[in-house]
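Accompanying notes for the structure given below.
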Amino acid sequence: MPTRGTKPIIIAAAPSTTTTYTTSNLSPSTPPSPKTVRFAPRSDELPSRPATSQEAWSLYHFENHAHGCAACHKARRSLLCDTGYHLAQDVAVHVRLHAGELCSTRPDDDGKLLRVEIPHGYNKVKTLLGAEAKGKKVKKSAPVVSYEDAERRRSSSLSPRRRDREHHREKVTVEPSRSSHEEKRASAAKPKAKTQHYATVEVKPIAGNDRFHEYEQGGPVRLPERPKRGSLYEADMKRPRKEFRIEERAPLEKKVERGRDREREREERREMRRRERERGPEDRERERRRVY
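Right, dumping it as structure tokens:
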């Protein structure tokens, strides 16, 4: 009870808390909604390890090259360039794709595959390994040539007359080539034929006609002796010799005398210099007093 001189204290009453229960329309047997979010299953059975320095550099070089090369940008649709081909070979040596995971080509001690952890964003490497896993050969294989099909197409394109001509053509057997040592041995084994008489054919024109007739002449053939000099020697000897005018020219006497005078003056100067070097300081002082 409040006393005189004090203010009354007002206390607010707290609301009463009542718990209400509502019944749900969904029974436990109601199936869940078909729109559910699920994650792709991961092959957690494979153990993983970080990439080694050699594997990391191999993947980095191909990824960096594929971003700047138009041919290697889409490995599934186009052939790789020469540089990309060699880099892809290096990548295939270290890693490969197995069940959607990037695994090492070398298994562990137990023979199981190891998943290699690579940095995020290496999409070109995954595209390359995916194309290789799907059966696309990274190596540029040479085209397979079927000679039977080519021969069949060639024979069908020929005319009947030319086809008969090709059919009746004689077959030529090509023997493999021999080395020089084998040829020398085969030639030494064969007996050498010693023949002295030969049958020659001479062609002579008929008098009054442009036609030629030939007849055989037996007996040994003597070849003409080959001259030791050149083929033009006889023609040069038969040619008349020409006389040439020879003149002797010598320098004039004045020029010779002038040259001798210059040489004499040079000798005198050399002699004076030599005497100057040989004189002592007393001779030089005496010469100076004599002049003054």
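Residue numbers for the sequence shown follow full-length UniProt numbering, beginning at 1 and rising by one.
Cβ coordinates follow ideal geometry from the N, Cα and C atoms, glycine included.
Looking at the structure shown, is residue i part of a helix, part of a strand, or coil, going by DSSP?
{"i": "residue 102", "result": "strand"}
{"i": "residue 281", "result": "helix"}
{"i": "residue 269", "result": "helix"}
{"i": "residue 209", "result": "Residue confidence for residue 209 is low, a pLDDT of 48 falling below 50, so the modelled location carries little weight; the figure read from the coordinates is stated next. Residue 209: coil per DSSP, three-state reduction."}
{"i": "residue 245", "result": "coil"}
{"i": "residue 231", "result": "coil"}
{"i": "residue 130", "result": "helix"}
{"i": "residue 80", "result": "coil"}
{"i": "residue 65", "result": "helix"}
{"i": "residue 86", "result": "helix"}
{"i": "residue 124", "result": "helix"}
{"i": "residue 261", "result": "helix"}
{"i": "residue 186", "result": "helix"}
{"i": "residue 71", "result": "coil"}
Thinking just about the alpha-carbon of each residue, which of the options is nearest to the one in residue i?
{"i": "residue 83", "options": "48, 99, 64, 94", "result": "64"}
{"i": "residue 117", "options": "228, 126, 247, 109", "result": "126"}
{"i": "residue 94", "options": "56, 282, 85", "result": "56"}
{"i": "residue 132", "options": "242, 99, 289, 185", "result": "99"}
{"i": "residue 54", "options": "104, 47, 79", "result": "104"}
{"i": "residue 122", "options": "68, 62, 81", "result": "62"}
{"i": "residue 110", "options": "249, 47, 236, 287", "result": "47"}
So, are the CB atoms of residue i and residue j less than 8 angstroms apart?
{"i": "residue 297", "j": "residue 102", "result": "Here the chain comprises residues numbered 1 to 292, so residue 297 is not present and cannot be evaluated."}
{"i": "residue 66", "j": "residue 124", "result": "yes"}
{"i": "residue 88", "j": "residue 59", "result": "no"}
{"i": "residue 113", "j": "residue 119", "result": "no"}
Classify residue i: buried if its beta carbon has 16 or more other beta carbons within 10 angstroms, exposed otherwise.
{"i": "residue 91", "result": "buried"}
{"i": "residue 244", "result": "exposed"}
{"i": "residue 213", "result": "Caution applies to residue 213, whose pLDDT of 47 falls short of 50 and renders its modelled position unreliable; the model cannot decide the point."}
{"i": "residue 186", "result": "exposed"}
{"i": "residue 235", "result": "exposed"}
{"i": "residue 21", "result": "Any reading at residue 21 must be qualified, since the residue scores a pLDDT of 48, below 50, and its modelled position is unreliable; the value itself is stated next. That one is exposed."}
{"i": "residue 79", "result": "exposed"}
From the DSSP output, read off the bridge partner residues of residue i.
{"i": "residue 96", "result": "103"}
{"i": "residue 240", "result": "For residue 240, which the question treats as bridged, DSSP gives no partner whatsoever."}
{"i": "residue 48", "result": "115"}
Would residue i pass as an interface residue toward chain D - the criterion being a Cβ-Cβ separation below 8 angstroms?
{"i": "residue 290", "result": "Although the question refers to chain D, the structure presented lacks it and comprises just one protein chain."}
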